[in-house]
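Peer 1: Take this structure first; my questions come after.
Protein chains: 2
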Amino acid sequence: MPDTNRPGPQHETTAIQVGVEVVVFTIRDDALHVLLAPAAAAWGLPNDTVRADETVDTTARRALADVAGSGDVWLEQLYTFGDVHRAPDSRIISVAHYALVSADVLTATGSDAARWWPVATLPLLVLDHRRIIDYALTRLRNKLAYTTVGFQLLPARFTLGDLQRVYEVIIGRDMDKRNFRRKVELLGIVKPTREQRVSGTGRPAQLYRFVAIEAPEAIGAPEPLMSTQPAVQLARISPVLRRRGRVIQITPGEGTR
Amino acid sequence: MPDTNRPGPQHETTAIQVGVEVVVFTIRDDALHVLLAPAAAAWGLPNDTVRADETVDTTARRALADVAGSGDVWLEQLYTFGDVHRAPDSRIISVAHYALVSADVLTATGSDAARWWPVATLPLLVLDHRRIIDYALTRLRNKLAYTTVGFQLLPARFTLGDLQRVYEVIIGRDMDKRNFRRKVELLGIVKPTREQRVSGTGRPAQLYRFVAIEAPEAIGAPEPLMSTQPAVQLARISPVLRRRGRVIQITPGEGTR
DNA sequence: GCAAAAGTGTTTTCATTACACCCATGA
DNA sequence: TCATGGGTGTAATGAAAACACTTTTGC
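Which chain is which? The protein sequence lines are A and B, in order. Numbering follows the numbering used here, with no gaps: position 172 of the first sequence is 172. So the numbering used here is basically just the index in the second sequence, starting at one, shifted up by 257.
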């Protein structure tokens, strides 16, 4: 067994570079979108190289800030892609991340020629970026079921219709309005504000804000927060927790489910 | 935005090294154990450095083989720890993995002075290895709930009592025998063999083998396979899938839940 | 016969699902 | 007045949970 202190390069530590990719999701026009930048006759994810004096997380936030402005954005590590032949020439190990931004942040996308693409119709992508996006999408769908990450795709104030649309768009299935609202109510994860939104047409909608919920003591397995399985559903929360008015909260960086 | 092709070192790609750690779990004496090797006046996880010409996954398997022998072992990437000051001297980014081996493989641990430690009473650990183990444990607990990874901790033939013990030991809670067995039966994930096991004392137990289940088409969110939440439970599977005789199967490498 | 582990059903509870109509507003 | 999205309750289903006694073996 190699020494745990790893006293410097043993084999050829030669040419391994560590990079970071970020899959930035948002919702526009009732569809899930990903941010891409033009790259080598195709499109690619925002990325950057990890510097010797910075945390991998820092690199990810920098890559993100380059294209999506700063502000505090929800970001989580996704997976490390370490195949030898990922990049044609050099050896790059890439720590992929994914981020969720709300539709109002995205307008500040400012820099570069970066563009939002609907995940349903992606352009030709560089390297293995297609695979990374697929993976991020799977993770996002899973995570939607047992955490409250979904709110990261909404602005501070939103209607219950907005919220339901987030779920429907990502899961790809329509849900029953009454069941959805009942579950949200039951979970106690939103609070009505004093405002309403008049949307040009139709009855004005109550605006809500997200309420973080107390994390339970030491719970190993997350209980599905919003069920995403069959035909209609929404959350699924253990009766025990509900009685205590709690819900499992997954700390960012919880990795693969 | 940096170019997606990353034409070689841009900043100081100087001294970043990429390593791999593996948290190897097994069950001994009705307790979850982790494999550790002596390192620098403390103990450390099996590890190695990624070579320029090998996949990260390959490095992990090599580190694993060094201490636990070869054989095909269930292994999954856990998380990449990329803090600047993880290691005192050099800059090492570490791609942590975790592996599950059955109690019979572990006797072949052979090499080195590696030892099995109960997770409940770990020794002093090197670097951030304690944190990595904690993280792996959380992941294992979560994953137990909605996949069939638990079987990786058992030999090819096992009793239902063995299986239940795996769950109880990892989740840390006793379960009801009848409910457990009913759920396992319902899921159809085990098949009885022709053999029984006489264990010295008590009635002989039927031996079963694990049966992989058909993965459903394109399911995003996993349905809890074995519930791990409240006081007794076991599985929780969607009625739809159950009727079709299917269960969600998570492909290894599914990352953070 | 006794200690020890294996094996086996029923009832209650509660989350999930399915389902249809009225309300408030702008044009 | 009409088109559009917002808002609301109830009944059926089925998984999860609680619970105790009999069986088979070795000593």
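Glycine included, C-beta positions come from ideal geometry on N, C-alpha and C. This one's a predicted model, so the numbers in the text were calculated from it and none came from an experiment.
Between the C-alpha atoms of residue 95 of chain A and residue 341 of chain B, what's the straight-line distance to the nearest angstrom?
Peer 2: Along the first sequence, read from residue 1 onward, the residue named residue 95 of chain A stands at position 95. Along the second sequence, read from residue 1 onward, the residue named residue 341 of chain B stands at position 84. Approximately 15 Å, taken between the alpha carbons.
Peer 1: Quick one: what's residue 94 of chain A bridged to in DSSP?
Peer 2: The residue given as residue 94 of chain A occupies position 94 in the first sequence. DSSP, once it has assigned bridges, lists A:19 and A:81 as partnering residue 94 of chain A.
Peer 1: If you draw a straight line from the alpha carbon of residue 233 of chain A to that of residue 185 of chain A, how long is it in whole angstroms?
Peer 2: What you label residue 233 of chain A is simply residue 233 of the first sequence in a count that begins at 1. What you label residue 185 of chain A is simply residue 185 of the first sequence in a count that begins at 1. A caution first: residue 233 of chain A carries a pLDDT of 19, below 50, which makes its placement in the model unreliable, though a value can still be read off. Going from the Cα of residue 233 of chain A to the Cα of residue 185 of chain A covers about 14 Å.
Peer 1: Kindly indicate which residue of A:34, A:74 and A:157 has the alpha-carbon position closest to the one of residue 149 of chain A.
Peer 2: Residue 149 of chain A sits at position 149 when you count from the first residue of the first sequence. Comparing Cα positions, the closest option is A:74.
Peer 1: Quick one: using the 10 Å Cβ neighbour count with 16 as the cut-off for buried, is residue 36 of chain A buried or exposed?
Peer 2: To locate residue 36 of chain A, count along the first sequence from 1; it is residue 36. Residue 36 of chain A should be labelled buried.
Peer 1: Residue 125 of chain A and residue 42 of chain A - do their beta-carbons sit closer together than 7 Å?
Peer 2: Position 42 of the first sequence, counting from 1, holds the residue named residue 42 of chain A. Position 125 of the first sequence, counting from 1, holds the residue named residue 125 of chain A. Yes, they are a contact pair.
Peer 1: On the premise that residue 98 of chain A lies in contact with residue 22 of chain A, defined as a C-beta separation below 8 Å, what is that separation, rounded to the nearest angstrom?
Peer 2: The residue given as residue 22 of chain A occupies position 22 in the first sequence. The residue given as residue 98 of chain A occupies position 98 in the first sequence. Rounded, the Cβ-Cβ distance is 7 Å, consistent with contact.
Peer 1: Identify the continuous alpha helix (DSSP H) that holds residue 418 of chain B and give its terminal residues.
Peer 2: Numbered from its first residue, the second sequence carries residue 418 of chain B at position 161. Per DSSP, residue 418 of chain B belongs to the alpha helix (DSSP H) from 417 to 428.
Peer 1: What three-state label does DSSP hand residue 200 of chain B in the structure shown?
Peer 2: As displayed, chain B neither begins before 258 nor continues past 514, which places residue 200 of chain B out of reach and without an answer.
Peer 1: Under 7 Å Cβ-Cβ, which residues of chain B neighbour residue 53 of chain A?
Peer 2: Locating residue 53 of chain A in the first sequence gives position 53, counting from the first residue. Going along chain B in sequence order, the residues near residue 53 of chain A (Cβ under 7 Å) are 341.
Peer 1: For residue 192 of chain A, which option in A:51, A:56, A:199 and A:157 has the closest C-alpha, if you only look at C-alpha atoms?
Peer 2: Taking the first sequence and counting its residues from 1, the one referred to as residue 192 of chain A is at position 192. When each option's Cα is compared against that of residue 192 of chain A, the closest is A:157.
Peer 1: For residue 90 of chain A, collect the residues of the same chain with a Cβ closer than 7 Å to its Cβ; drop the 5 residues on either side in sequence, then sort them by chain order.
Peer 2: For the purposes of this step, residue 90 of chain A is identified with residue 90 of the first sequence, where counting begins at 1. Counting only Cβ-Cβ distances below 7 Å, and skipping sequence neighbours, we find 15 and 17.
Peer 1: Identify which residue in A:174, A:161 and A:199 has its Cα closest to the Cα of residue 181 of chain A.
Peer 2: Locating residue 181 of chain A in the first sequence gives position 181, where the first residue counts as 1. Taking only the C-alpha atoms, the option nearest residue 181 of chain A is A:161.
Peer 1: Kindly say whether residue 426 of chain B, judged by its beta-carbon, lies nearer than 7 Å to any beta-carbon of chain A.
Peer 2: Indexing the second sequence from 1 puts residue 426 of chain B at position 169. Residue 426 of chain B does not count as touching chain A.
Peer 1: Below 8 Å on the Cβ atoms is my contact criterion, and I expect residue 56 of chain A with residue 337 of chain B to pass it. Report the Cβ-Cβ distance as a whole number of Å.
Peer 2: Position 56 of the first sequence holds residue 56 of chain A. Position 80 of the second sequence holds residue 337 of chain B. The pair is a contact, with the Cβ atoms about 6 Å apart (cut-off 8 Å).
Peer 1: Can you name, in chain order, every residue of its own chain whose Cβ lies under 6 Å from the Cβ of residue 143 of chain A, other than the five neighbours on each side?
Peer 2: Your numbering for residue 143 of chain A matches position 143 in the first sequence. So the list reads 149, once near-sequence residues are dropped.
Peer 1: For residue 408 of chain B, which residues of its own chain have a beta-carbon under 6 Å away from its beta-carbon, when the five flanking residues on both sides are left out?
Peer 2: Working through the second sequence from its first residue, we reach residue 408 of chain B at position 151. Contacts found: 467.
Peer 1: In whole angstroms, give me the CA-to-CA distance for residue 208 of chain A and residue 159 of chain A.
Peer 2: One-based indexing of the first sequence puts residue 208 of chain A at position 208. One-based indexing of the first sequence puts residue 159 of chain A at position 159. Distance between the alpha carbons of residue 208 of chain A and residue 159 of chain A is about 6 Å.
Peer 1: For residue 20 of chain A, which residues from the same chain have a beta carbon less than 8 Å from its beta carbon, with the 5 sequence-adjacent residues on both sides left out?
Peer 2: On the first sequence, position 20 is the one that residue 20 of chain A refers to. These residues qualify, in order along the chain: 47, 48, 49, 50, 56, 59, 60, 63, 94, 95, 96 and 97.
Peer 1: Does any residue of chain A have a CB that is nearer than 7 Å to the CB of residue 350 of chain B?
Peer 2: One-based indexing of the second sequence puts residue 350 of chain B at position 93. Cβ-Cβ to chain A under 7 Å: yes for residue 350 of chain B.
Peer 1: Which two residues bound the contiguous alpha helix (DSSP H) that contains residue 62 of chain A?
Peer 2: Locating residue 62 of chain A in the first sequence gives position 62, where the first residue counts as 1. Where residue 62 of chain A is concerned, the enclosing alpha helix (DSSP H) stretches over 56 to 68.
Peer 1: Measure from the alpha carbon of residue 115 of chain A to the alpha carbon of each residue in A:26, A:205, A:212 and A:206, then state which is nearest.
Peer 2: Residue numbering aside, residue 115 of chain A sits at position 115 when the first sequence is read from its first letter. With distances taken between Cα atoms, residue 115 of chain A lies closest to A:26.
Peer 1: Alpha carbon to alpha carbon, what distance is there between residue 455 of chain B and residue 463 of chain B?
Peer 2: The count along the second sequence starts at 1 and reaches residue 463 of chain B at position 206. The count along the second sequence starts at 1 and reaches residue 455 of chain B at position 198. Near 9 Å, if we compare the C-alpha coordinates of residue 455 of chain B and residue 463 of chain B.
Peer 1: How big is the Cα-Cα spacing for residue 285 of chain B and residue 131 of chain A?
Peer 2: Looking up residue 285 of chain B in the second sequence gives position 28. Looking up residue 131 of chain A in the first sequence gives position 131. Rounded to whole angstroms, residue 285 of chain B to residue 131 of chain A spans 39 Å at the Cα level.
Peer 1: Can you find a CB in chain A that lies within less than 7 Å of the CB of residue 291 of chain B?
Peer 2: In the second sequence, the residue the question calls residue 291 of chain B occupies position 34. No, no contact with chain A.
Peer 1: Are the beta-carbon atoms of residue 100 of chain A and residue 153 of chain A separated by less than 7 Å?
Peer 2: Within the first sequence, numbered from 1, the residue matching residue 100 of chain A stands at position 100. Within the first sequence, numbered from 1, the residue matching residue 153 of chain A stands at position 153. Yes, the Cβ-Cβ distance between residue 100 of chain A and residue 153 of chain A is below 7 Å.
Peer 1: Since residue 207 of chain A is in the beta strand (DSSP E), which residue starts that stretch and which ends it?
Peer 2: Reading the first sequence from its first residue, position 207 is the one you call residue 207 of chain A. It spans 205 to 210 - the beta strand (DSSP E) in which residue 207 of chain A sits, taken as one unbroken run.
Peer 1: In whole angstroms, what is the alpha-carbon distance linking residue 86 of chain A and residue 169 of chain A?
Peer 2: Locating residue 86 of chain A in the first sequence gives position 86, counting from the first residue. Locating residue 169 of chain A in the first sequence gives position 169, counting from the first residue. Their backbone Cα atoms lie some 31 Å apart in a straight line.
Peer 1: Residue 38 of chain A and residue 102 of chain A: beta carbons closer than 7 Å?
Peer 2: Your numbering for residue 38 of chain A matches position 38 in the first sequence. Your numbering for residue 102 of chain A matches position 102 in the first sequence. No, Cβ-Cβ distance for residue 38 of chain A and residue 102 of chain A is not below 7 Å.
Peer 1: If contacts are defined as beta-carbon pairs under 8 Å, then residue 34 of chain A and residue 119 of chain A qualify, I think. What distance do you get, rounded to the angstrom?
Peer 2: By 1-based counting over the first sequence, the position of residue 34 of chain A is 34. By 1-based counting over the first sequence, the position of residue 119 of chain A is 119. With a Cβ gap of about 6 Å, residue 34 of chain A and residue 119 of chain A count as contacting.
Peer 1: Quick one: residues in its chain with C-beta nearer than 7 Å to the C-beta of residue 137 of chain A, no 5 flanking neighbours on either side, listed in chain order?
Peer 2: For the purposes of this step, residue 137 of chain A is taken as the residue at position 137 of the first sequence. Contacts found: 119.
Peer 1: Taking Cβ-Cβ distances shorter than 8 Å, what residues in chain B pair up with residue 149 of chain A?
Peer 2: Here the question's residue 149 of chain A lines up with position 149 in the first sequence. Per Cβ cutoff of 8 Å: no residues; residue 149 of chain A is ~11 Å from chain B at best.
Peer 1: Buried or exposed: where does residue 422 of chain B fall if 16 or more other Cβ atoms within 10 Å of its Cβ makes it buried?
Peer 2: The count along the second sequence starts at 1 and reaches residue 422 of chain B at position 165. Per the 10 Å Cβ criterion, buried.
Peer 1: So the candidates are A:202, A:141, A:123 and A:129; which of them puts its Cα closest to the Cα of residue 171 of chain A?
Peer 2: For the purposes of this step, residue 171 of chain A is taken as the residue at position 171 of the first sequence. Checked all of A:202, A:141, A:123 and A:129; the closest Cα to residue 171 of chain A is A:141.
Peer 1: For residue 330 of chain B, would you say it is in contact with chain A, using Cβ-to-Cβ distances shorter than 7 Å as the test?
Peer 2: Translated into positions along the second sequence, residue 330 of chain B becomes position 73. With 7 Å as the cut-off, residue 330 of chain B does not count as an interface residue toward chain A.
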